[in-house]
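Read the structure below first, then the notes.
In the numbering used here, the protein residues as written are 9 to 151.
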C-alpha cells in the first residue's frame, strides 16, 4: 500500500511539472503570436489555430489542478469535483472553437479594412486551409 501511495504522488509530481511547463510555454507562444498579428507588417500569415493556443493553458490548468490534488492528498479527486472539472474542460474546448472562428472573421475583415489583400493559394510551409496570407501590395503574393 505504501509503495502505491508514493508511486501515485511521484507520478502526480512529474505530471504537475509537465503541466506547468506546457501551460507557461503555450501561454507565451499564444500571446506572442496573437500580439504579432497586430504589428501590421507588409506580409501577414494568419493561422486560425494560433488563437486556440490562448485556451490550451486553461485546459492544462484543469489537468494540473487534478494532479496537484493527488500530490497533496495522495488520492483521487472526489467524483463530484471530477465532474465539474470535466464540464469546465468541455466549456473551455467549446469556447476555444467559437473564439477561434469569431476572431478569424473579425481579423480578416479588420485586415481588409486596413487595405490588406488576401492572396490566393496556400502559403509556403502550411497545409491547405490552415493559413491565409495577407499582403499590402498584390505583387507581394508571388513571393
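Cβ coordinates follow ideal geometry from the N, Cα and C atoms, glycine included.
query                                                                                               : result
Paired residues, beta bridge with residue 142 - DSSP                                                : 52 and 126
Member of 52, 108 and 20 whose CA lies at the smallest distance from the CA of residue 122          : 52
Per-residue burial, residue 9 [other beta carbons within 10 Å of its own, 16 or more giving buried] : Because the pLDDT at residue 9 is just 49, under 50, the model does not fix this residue reliably, and the point stays unresolved.
Integer-rounded CB distance, given that residue 60 should sit under 8 Å from residue 108            : 5 Å
Inter-residue spacing [alpha-carbon to alpha-carbon] between residue 14 and residue 80              : 12 Å
Neighbour-count burial assignment, residue 74, 16 or more Cβ in a 10 Å radius                       : buried
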